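Chemist: So the sequence shown is numbered by this note's numbering: it starts at 2 and just counts up by one. Don't be surprised by glycine CBs; every beta carbon is placed ideally from N, CA and C. Keep in mind the model is a prediction, meaning the values are calculated, not measured.
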Amino acid sequence: MVSAELLLPQANIEELVAKVFMYRTITYADQLRLKYALLDEDGLTEQDLILINRILYGVRHGLLKVID
2 MVSAELLLPQ
12 ANIEELVAKV
22 FMYRTITYAD
32 QLRLKYALLD
42 EDGLTEQDLI
52 LINRILYGVR
62 HGLLKVID
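1) So the alpha helix (DSSP H) Leu45 belongs to, where does it begin and stop?
2) By the 10 Å Cβ neighbour count, where 16 or more other Cβ atoms means buried, how is Leu17 classified, buried or exposed?
3) Is it buried or exposed, Asp31, if we count other Cβ atoms within 10 angstroms and call 16 or more buried?
4) Which of helix, strand or coil does DSSP assign to Arg27?
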């Protein structure tokens, strides 16, 4: 299994979230990166969890379009 560090270095969580909200879409690759980040229990800060929750909120409320 590929570690979350290889798929999504810590500094890139903010960049990924910014890209998702800028284009208002989330791709399958973005979803995988977030999933692996969530599975790496020690690798996320409270701020990272807040950002991921914002993406989930956006998907649930139709603010973000899921593509791929």
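Modeler: Concretely, from the data shown:
1) Element bounds for Leu45: n/a, residue is neither H nor E.
2) Its Cβ being crowded by 16 or more others within 10 Å, Leu17 is buried.
3) With 16 or more Cβ atoms within 10 Å of its Cβ, Asp31 is classed as buried.
4) Going by the sequence as given, residue 27 is Ile instead of Arg. Residue state, collapsed to three classes: strand.
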